[in-house]
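> For what it's worth, my numbering labels the leading residue of the sequence shown as 4, then goes sequentially. Quick reminder that beta carbons are idealized off the backbone N, C-alpha and C, glycines included. Remember, it's a predicted structure, so these values are computed and weren't measured experimentally.
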Amino acid sequence: MVRSVSIAGRAKVLGAFAISLLLSLAAFTVSAVRAAESGMASPAISEAEPARIVALGGAVTEIVYALGAGGNVIAADITSLYPADARQLPKVGYFRQVAAEPIIAMNPGVILAIEDAGPKDVLRQIEEAGVTLVTIPDETSAEGVLEKVEAVGRALGRTDEAAALKERIAAEFDLLAGVVAKAERKPKVAVLLSAGKGAPMAGGSPSSAEGIVSLAGGTNAFQEFSDWKPVSAESLIAASPEVIVVPDHVARAVGGVEGIAQIPGVAGTPAGREARIVVLDSLLLLGFGPRTPEAARKLAVELHPELAGELAAKAEAIAGQ
């Protein structure tokens with residue numbers, strides 16, 4: 004089982020994500036005040052289901068919508084970018100840097116917070132104000148995704164919907180594993196984060212990077228450290244990744260694939276020499292939510308082009324169910 008990335012490592016990953024979104028605290032405050040003033044009426048719901056949800060964590064928000072409770076969400080953090088409706092929600096800042104007063108002013112019924120949300124003293128302050136806080140586990144593995152869905156479903160009183168979603172996601176993971184098992188080898192993969200200044204950060208063992216690479220049938224190129232660490236050009240060359248994967252917000256920050264190729268050390272790797280640089284949506288790649296089987300499948304196509312046809316057929320079969 005792939006273990007979850009530590010709080011410190013997760014902070015580095017999603018810290019880069021938050022910075023690249025360039026959403027200001029001023030905008031957050033305005034959104035929060037507007038939401039509080041408007042009352043943001045929710046649709047009729049059962050007594051077991053919270054009516055006014057604040058979601059902290061992109062995958063948490065995505066699961067809430069997948070379970071059919073998106074209409075009850077009154078606000079979310081800035082990493083909550085899927086589905087499209089979530090982009091329109093009032094934002095409460097980066098989920099590790101929330102403030103108590105604007106959230107309390109929204110009069111939420113429940114806060115669903117990914118486990119490394121915070122600061123912790125702010126969350127305690129919100130709880131002391133009488134708001135229910137539910138912490139959602141965040142293990143970066145196939146099993147972790149299913150556990151996350153179950154936890155959100157239980158918090159929302161939507162256990163039947165969660166069971167159905169878990170069954171679908173588990174089936175997708177199983178189909179993917181069956182195809183990937185046919186690969187003759189597991190190419191070395193480096194997942195890099197960089198805002199264009201200084202050394203890029205690479206995912207070690209364990210990390211969310213290793214989690215997604217393993218699901219796609221690859222081998223994490225960096226085994227000598229855990230979480231996310233800056234890597235020098237020499238270290239990147241020594242790791243010798245055959246494929247380099249970069250989240251799209253990072254790619255935009257450095258000028259796309261061409262900019263990634265200019266990161267020190269990239270040109271000296273097999274991935275750089277063979278132009279095997281893969282850019283994927285940030286939340287899709289590292290969020291470990293309902294779409295993680297899709298992310299792993301897309302990466303598997305890049306790692307195992309000989310299996311692309313079968314992977315596409317499996318995806319089509321799932322879509323037709």
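Classify residue 185 as buried or exposed, calling it buried when 16 or more other Cβ atoms lie within 10 Å of its own Cβ.
Exposed, because fewer than 16 other Cβ atoms sit within 10 Å of the Cβ of residue 185.
> Determine the DSSP secondary structure at residue 115, reduced to helix, strand or coil.
The answer is strand: DSSP assigns residue 115 an E or B state.
> Where does the unbroken beta strand (DSSP E) through residue 283 begin, and where does it stop?
280 to 283
> Fully enclosed by the region 65 to 118, which beta strand (DSSP E) runs are 3 residues long or longer?
76 to 79, 113 to 117
> Could I get the ranges of all uninterrupted alpha helix (DSSP H) runs contained in the region 156 to 244, with 4 residues as the minimum, in chain order?
162 to 183, 211 to 218, 236 to 242
> Quick one: Cα of residue 203 to Cα of residue 297, how far?
Going from the Cα of residue 203 to the Cα of residue 297 covers about 26 Å.
> For residue 134, which of helix, strand or coil comes out of DSSP?
coil
> If you count every other CB in all the chains shown that lies within 10 Å of the CB of residue 53, and 16 or more means buried, which is it?
Around the Cβ of residue 53, a 10 Å sphere holds 16 or more other Cβ atoms; the residue is buried.
> Find the nearest neighbour of residue 160 within the set 242, 126, 239, 75, judged by alpha-carbon distance.
75
> Under 8 Å by Cβ, that's how I've got residue 300 and residue 314 pegged, so tell me the actual separation to the nearest angstrom.
6 Å
> I believe residue 148 touches residue 291 by the beta-carbon criterion, under 8 Å. Please report the beta-carbon distance rounded to the nearest angstrom.
5 Å
> According to DSSP, what are the bridge partners of residue 260?
Beta-bridge pairing links residue 260 to no other residue.
> When you compare the CB positions of residue 106 and residue 155, do they come within less than 8 Å of one another, or not?
no
> In the DSSP assignment, the alpha helix (DSSP H) including residue 321 goes from what residue to what residue?
311 to 322
> Helix, strand or coil: how does DSSP classify residue 250 here?
strand
> Does the Cβ-Cβ distance between residue 70 and residue 164 come in under 8 Å?
yes
> Helix, strand or coil for residue 58, going by three-state DSSP, please let me know.
When DSSP states are grouped into helix, strand and coil, residue 58 belongs to the strand group.
> Run through the DSSP bridge pairs and tell me what residue 266 is partnered with.
Note: residue 266 sits in no beta bridge, so no partner.
> On the DSSP bridge assignment, give the partners of residue 129 in chain order.
Bridge partners of residue 129: none, in fact.
> Have a look at 289, 176, 162 and flag the residue whose alpha-carbon is nearest the alpha-carbon of residue 213.
289
> Leaving out the 5 sequence neighbours to the left and right, which residues in its chain are closer than 6 Å to residue 135 when beta-carbon positions are compared?
113
> Contact between the region 113 to 126 and the region 96 to 105 is defined here as three or more beta-carbon pairs at a separation below 8 Å; is this criterion met?
yes
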